[in-house]
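Letter by letter, the sequence shown follows residues 18 to 680 in this note's numbering.
Ideal placement from N, C-alpha and C gives every residue a C-beta, glycine not left out.
Predicted, not measured: the structure shown is a model, and the values here were computed from it.
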Amino acid sequence: MPVIMENCCGLCTQSQSSPCPRAVECLTDGPLCHTDGSCARKRETWKNTVNRKDTRTPVIFIGAGTCGLGAGASATMVAIREFLAARSLNCTMVEVGCIGLCAVEPIVDIELPGRPRVSFREVTHDRVGVLLESMLVRGEAPAEMALCQFPGSGEPWSGIPLFDEHPFFAPQTRWVLENCGIMDPVSLDEYMVAGGYRAFSTALRTLTPEQVCSTVEESGLRGRGGGGFPTGKKWRFALNTPSGSKYVICNADEGDPGAFMDRAVIEGDPHRLIEGIAIAAYAIGANNAYIYIRAEYPLAIRRLKVALDQAEKNGLLGTNIFDSGFDLNIMIKMGAGAFVCGEETALIQSIEGHRGMPSPKPPFPAISGLFGKPTVINNVETLANVPGIIRSGADWFRSRGTPNSPGTKVFALSGKISNTGLIEVAMGTSLDEILFGMGGGIPNGRAFKAVQIGGPSGGCIPAGHTDLLIDYESLGAFGAMMGSGGLVVMDEDTCMVDVAKFFMDFIQRESCGKCIPCREGTRRMLEILRAITRGYRDETPEQSLERFRGIVNLERLGQVIKKTSLCGLGQTAPNPVLSTLRWFKDEYEAHIFERRCPAGVCTGLLTYSIDEDKCRGCTLCARKCPSNAIKGARKSPHYIVAQECIGCGACLEVCPFGAVKVQ
């Protein structure tokens, strides 16, 4: 028998297609709040409207995340509008976030009345006419452009795989990403129809803060932004610390090169993050929360602001939420993009208005954090997991992953890999399945060489070890770390010494400079790497001696930095060098002793010569050589004087016969 919920606003009995701000369960398959059953009828009507099951007009979904826009989605949207206007066609256009397969952006989905939704790949502005003419005018799906179709009512499209059968999506377990690229990210209606805010309502109405912490702790959820500290334990520390005010901070700084998971989640499903923050705040007794996000994420910030405004206007944030007596205010704090502000104590300093610099621990932020009050800091992916745990239970979360690393992990695939983009897999999935299954392997027939996991703080995993399982324990035992989840893939044409130099240059520039080991140690390591990769032609005997001295001390210097740096970023700063030294020592030796770059990347170590059989004596190379190192008569084979060559490569660029060789 339906019961009237306390303080029900009666909105669900009115002729409005809007979510009930107080009796959320009315619209999320929970208890009914009216004895006459009117809310049950209202619920079904509203769900059908939002899900567009009975729509009489086609719906066009455009992947308008940052990756899609970068691939030309803006021009695609303009072309779609022009096509519809020219033919007077009535269609609904919806901008969605990134579905994950960034390699085939721009992605456009079309849902015709009575037919399943179909996703199409690489829909640039010049291909819009072909697609829309086929789908909207003739009612035919061009198979050569089709990516997949989604389960739905109506006659399926023949010859097009289902979403969960596509080789990129099928192996995934999409919990955090389940709505990304599917629903309108700035539609509160759609999020609530999918079960949004039901977990928050359940927590406020039926669970104590202690019970929420226990549920999260029992789930085994670990921090998805770095070292994997148990989330429930961190919350419990803050809950049990007496204080008049407490804070929750969402760390959306995401400064690792090759990492874009948090940005995509916020752009594609901002309400999920807000709900996770709200549950965390209730669990520890915080009435204020901050989302610390870098200003370089303008689209994510814009959609986050819209979602926060919607939540507040509908009573999901603010004062006396769901008549529970719980108040919550969520604020956005934009950072200036400093990598060090990803470290939690530096992040706190930045929010307080100071320069972002790490502080010694203990005390830990859960005891004394923002403004000296107990503070919980979690990253976007961690908080985005929380609503599912509260809604479905700890056992549900443990049904995926490993005993010590339950749940899923979102990874960003970038570098020399066919399917760049985002994936979400169960913990314990092998690296091989990620790289050569969902990732599609290495393009252009090149051989896989290594993958850098966890950004500058992570480690390098070489070929021959792709059977490694992705979880905290396996990676730690191997000498790597999960980090935020960036996977930068390298092929046979990559110089690993150059990779180490790139990451060390990044770390050195981003060092806050507070502690000497990190500030001076990373500078010295970078100097040594530059000496290894620079040209030897003008090297003085003193420089040569200094180079060898530095090489001898490189590994020892890295160990000192790890042991003596103040914060976690400094302690992991030498990892790119130490891991490449461990697995690719032969490349270092080739650079040091043979003065040769096996991959042909380090320009200062390249040597140039001319193939006499191919040279026609056109003199183009001789005229372009800035050091006059190329000799030879016109219409006769030329040659390069090695002692005079500066290795600029100008001859290679201008030779029309391919006679210039580089080693």
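In chain order, what residues of the same chain lie with their CB nearer than 6 Å to the CB of residue i, ignoring the 5 residues before and after it?
i           : result
residue 403 : 293, 296
residue 180 : 165, 167, 186
residue 544 : none
residue 323 : 203
residue 126 : 78, 134, 136
residue 354 : 311, 313
residue 150 : none
residue 229 : 220, 300
Thinking just about the alpha-carbon of each residue, which of the options is nearest to the one in residue i?
i           : options            : result
residue 583 : 436, 535, 591      : 535
residue 680 : 628, 633, 644, 646 : 628
residue 320 : 283, 338, 290      : 283
residue 161 : 172, 121, 248, 192 : 121
residue 439 : 462, 78, 457       : 457
residue 488 : 652, 317, 471      : 471
residue 634 : 620, 653, 618      : 653
residue 340 : 603, 511, 217, 541 : 217
Can you look up residue i in the DSSP assignment and give me helix, strand or coil?
i           : result
residue 291 : helix
residue 441 : strand
residue 625 : strand
residue 476 : strand
residue 306 : strand
residue 322 : helix
residue 391 : coil
residue 385 : coil
residue 166 : strand
residue 241 : coil
residue 534 : helix
residue 509 : coil
residue 469 : strand
residue 250 : helix
residue 7   : No information on residue 7 is available, as it lies outside the stretch 18 to 680 that the chain covers here.
residue 566 : helix
residue 580 : helix
residue 410 : coil
residue 135 : strand
residue 214 : coil
residue 101 : helix
Between residue i and residue j, what straight-line distance do the alpha-carbon atoms span, to the nearest angstrom?
i           : j           : result
residue 468 : residue 430 : 10 Å
residue 562 : residue 609 : 12 Å
residue 106 : residue 361 : 52 Å
residue 299 : residue 221 : 8 Å
residue 659 : residue 451 : 45 Å
residue 310 : residue 277 : 12 Å
residue 668 : residue 592 : 38 Å
residue 586 : residue 357 : 7 Å
residue 129 : residue 153 : 8 Å
residue 147 : residue 670 : 40 Å
residue 416 : residue 444 : 11 Å
residue 501 : residue 569 : 32 Å
residue 461 : residue 615 : 19 Å
residue 119 : residue 138 : 10 Å
residue 247 : residue 256 : 15 Å
residue 4   : residue 75  : This structure cannot speak to residue 4, because the chain is shown only from 18 to 680.
residue 286 : residue 521 : 34 Å
residue 597 : residue 97  : 48 Å
residue 497 : residue 233 : 26 Å
residue 290 : residue 347 : 11 Å
Go through its chain and collect everything with a Cβ distance to residue i's Cβ below 8 Å, but skip five positions before and after it.
i           : result
residue 387 : 264, 266, 307, 365, 368, 369
residue 678 : 625, 626, 627, 628
residue 541 : 567, 574
Use the C-beta contact count for residue i: other C-beta atoms within 10 angstroms, 16 or more gives buried, fewer gives exposed.
i           : result
residue 58  : Low confidence applies here, because residue 58 scores a pLDDT of 41, under 50, leaving its location unreliable; read the following figure in that light. Answer is exposed; the Cβ neighbour count stays below 16.
residue 553 : exposed
residue 655 : buried
residue 525 : buried
residue 251 : buried
residue 648 : exposed
residue 533 : exposed
residue 673 : exposed
residue 494 : exposed
Using C-beta distances below 7 Å, list every residue in its chain close to residue i, excluding the 5 sequence neighbours before and after it, in chain order.
i           : result
residue 530 : 536
residue 70  : Its pLDDT being 43, under 50, residue 70 is placed unreliably by the model, and nothing is read from it.
residue 172 : 132
residue 676 : 627, 628, 631, 632
residue 436 : 118, 120, 185, 430, 455, 456, 457
Check whether chain D comes within 8 Å of residue i, counting only Cβ atoms and requiring the distance to be less than that.
i           : result
residue 677 : In the structure shown, chain D cannot be found, because there is only a single protein chain.
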